[in-house]
Amino acid sequence: MKRLIGRRFSDLSVQSDVKTWSFKVMAGSADKPMIMVHHNGEKKQFFAEEITSMVLTTMKGIAEVHIGSAVKNAVVTVPAHFSDSQRQATKDAGAISGLNVMRIINEPTAAAIAYAHHKKAASSSTGEKNVLIFDLGGGTCDVSLVTIKEAGIFEVKATAGDSHLGGEDFGNRMVDHFVQEFKRRHGKDIGGDARALRRLRIACEHAKHALSSTAQTSIEIDLLHEGMDLYATVTRARFNKLNMDLFVRCVELVEKCLHDAKMGKGSVHDVVLVGGSTHIPKVQELIQDLFNGKELCRSIDADMSVAYGATAQAASLMSGEDKCWKVQVHDVSPLSLGLGTASGTTTLLFPRNTAIPAKKEKIFTTCSKYQPRIPIEVYEDKSLLGKFELSGIPLVARGVPKTTVCFDIDVDGILSASVVDKMMTGRGRARSQSPLTKGS
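10 is the number of the first residue of the sequence shown in the working numbering; add one for each residue after it.
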């Protein structure tokens with residue numbers, strides 16, 4: 010769901026992904042993706058937020074059985090490079106499931122909390138540490154450089170990421186390889202056979218996991234297509250070759266994060282691997298080579314550290330002063346935010362990696378005589394996030410009314426904004442306000 014939630018169906022990334030999925034996705038209201046589900050002979054359609062809320066509801070139920078009481082609050086983790094709309098949609102999913110989402114926390118930051126908690130329990134040593142978190146999961150790759158200070162203070166220096174780089178992409182390369190192999194052997198293209206592709210994808214996923222611990226494995230699928238079988242072997246070397254350009258992109262994200270943090274490799278005390286795809290030996294090798302052979306930190310569970318860190322953050326938010334280890338997180342915004350106006354001017358307000366929470370105001374004015382309104386667009390990187398329109402402006406000379414645009418990025422990385430027209434026209438001071446309409 011991470012590749013659907015908070016996105017539009019018409020997004021190029023969604024259109025690319027739907028070609029590889031074994032389930033059907035269609036456009037819903039406001040261009041939101043809807044997932045087609047077949048259950049008990051019925052066809053149903055759900056938004057990504059609804060599917061995510063079902064997962065959260067199930068997890069909530071498991072937790073309630075385990076602790077024997079109701080669960081009402083939660084800390085939810087997201088990829089560090091999630092956009093504003095993806096973060097808001099995730100909070101919406103939490104609300105649908107009946108949870109009060111106390112905080113949205115970036116996955117690498119949660120892993121840093123888990124790392125620090127483990128180190129605190131395992132060692133009496135203290136002091137400031139620079140830790141690079143490399144988080145490579147099924148669908149995303151995130152890298153964060155975190156300075157961990159005493160008293161549970163976590164200061165994120167920079168983050169870099171790719172929301173379309175992960176284990177799913179590595180598996181797709183293997184699927185494409187065997188689609189071509191089947192065509193070479195049998196002269197048949199299974200690209201249009203959804204059932205065959207689903208079975209092949211499952212087999213490739215098993216093979217991908219096996220190749221993390223063995224140099225060679227086999228794929229055996231009976232009656233894959235038109236009565237023909239697929240029996241093949243795949244080596245770790247072949248898997249690496251199929252995905253080397255993707256692995257290199259992962260390393261480039263690490264380099265970008267270090268550059269943005271203005272920190273040399275020698276200043277990094279520990280490199281922590283997080284996410285299931287960091288089990289891939291070639292990924293580990295490339296990261297270790299980048300840090301000149303430095304031993305990678307494997308003392309925390311790569312598969313569980315994000316959940317552990319989120320739990321520690323939740324405990325810190327819920328408990329009193331002396332009941333548990335207090336956690337104070339200073340994160341950054343992963344994407345830049347700026348404004349565009351009808352005159353064609355653009356203004357950068359928040360560069361990426363701005364410390365959050367953050368607030369900034371910018372004054373704008375009319376660009377023509379007797380202009381009745383001022384349209385203002387809000388951009389997240391190069392994508393249109395939403396629009397303002399300030400209306401009711403006195404019909405006066407160009408440049409006389411003054412408009413202040415106020416941006417607020419909260420601790421969850423979610424933007425709220427308003428336009429306040431001060432309209433210093435000489436006729437008195439008037440004020441009006443227009444909320445940001447997102448998804449425009």
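Quick reminder that beta carbons are idealized off the backbone N, C-alpha and C, glycines included. Every value quoted in this text rests on a predicted model; they were computed, and no experiment measured them.
- Going by beta carbons, Met-10 and Ala-57 fall inside the 8 Å limit.
- With respect to the 8 Å criterion, His-127 and Ser-328 are not classified as neighbours on the basis of their beta carbons.
- For Thr-350, the enclosing beta strand (DSSP E) stretches over residues 346-350.
- Around the C-beta of Tyr-379, fewer than 16 other C-beta atoms lie within 10 Å, and the residue is accordingly described as exposed.
- With fewer than 16 other Cβ atoms from the protein chains shown falling within 10 Å of its own Cβ, Ser-31 counts as exposed.
- Counting C-beta pairs with one atom in each stretch, the stretch 251-264 and the stretch 226-233 have fewer than three that are closer than 8 Å, which means they do not touch.
- Annotation for Pro-42: the continuous beta strand (DSSP E) segment containing it runs 42-48.
- Judged by DSSP secondary structure, Ile-418 falls within the beta strand (DSSP E) whose first and last residues are 411-418.
- Look at Val-140 here: in three-state DSSP terms it is strand.
- Beta bridge pairing from DSSP links Arg-112 with Val-84.
- Uninterrupted alpha helix (DSSP H) stretches at least 4 residues long and entirely within the stretch 227-302 occur at 245-270, 290-299, given in chain order.
- In the structure shown, the three-state DSSP call for Glu-58 is helix.
- Between Arg-382 and Thr-350, the alpha-carbon positions lie close to 11 Å from each other.
- Between the C-alpha atoms of Leu-358 and Tyr-388 there is a straight-line separation of about 10 Å.
- Secondary structure at Lys-52: strand, using DSSP grouped into helix, strand and coil.
- Rounded to the nearest whole angstrom, the C-alpha separation of Asp-198 and His-186 is 12 Å.
- The alpha-carbon separation between Val-257 and Leu-295 amounts to approximately 8 Å.
- About 10 Å separates the CB atoms of Thr-354 and Gly-347; that is not less than 8 Å, and the two are not in contact.
- With fewer than 16 other CB atoms across the displayed protein chains lying within 10 angstroms of its CB, Gly-408 is exposed.
- Sixteen is the threshold: since fewer than 16 other Cβ atoms of the shown chains lie within 10 Å of the Cβ of Asn-49, the residue is exposed.
- A residue is called buried when at least 16 other Cβ atoms come within 10 angstroms of its Cβ; Ala-216 meets this threshold and is buried.
- DSSP places Phe-191 within a helical segment (H, G or I) once states are collapsed to three.
- The DSSP-derived three-state label of Met-10 is coil.
- In this structure, Lys-303 sits near Gln-297, with a CB-CB distance shorter than 8 Å.
- Between the alpha carbons of Ala-311 and Thr-287 lies a gap of roughly 8 Å.
- Within the same chain, Cβ atoms closer than 8 Å to the Cβ of Ala-203 are found at Ser-31, the five residues on either side in sequence being excluded.
- Look at Tyr-379 here: in three-state DSSP terms it is coil, with no helix or strand label.
- As summarised for the stretch 147-199, the continuous beta strand (DSSP E) elements at least 3 residues long and confined to that stretch are 150-158, 162-171, given in chain order.
- Note that the stretch 334-348 touches the stretch 153-163; at least 3 beta-carbon pairs, one per stretch, sit closer than 8 Å.
- Rounded to whole angstroms, the gap between the alpha carbons of Ile-122 and His-234 is 48 Å.
- The beta carbon of Asp-26 lies closer than 6 Å to those of Arg-12 in the same chain, with the five residues before and after it left out.
- Each residue's CA atom was taken as its position, placing Gly-146 and Gly-175 some 5 Å apart.
- Distance from the Cα of Lys-138 is smallest, within the candidate group Arg-207, Val-64, Thr-244, His-278, for His-278.
- Taking Gly-422 as the centre and dropping the five residues before and after it, the same chain places the C-beta of Phe-91, Asp-93, Arg-96, Ile-113, Asn-115, Asp-340, Ser-342, Pro-343, Ile-365 closer than 8 Å to its C-beta, in chain order.
- Nearest in C-alpha terms to Thr-320, of all of Thr-118, Met-272, Val-280, Arg-182, is Thr-118.
- In the DSSP annotation of this structure, the continuous segment of the alpha helix (DSSP H) that includes Ile-105 starts and ends at 93-105.
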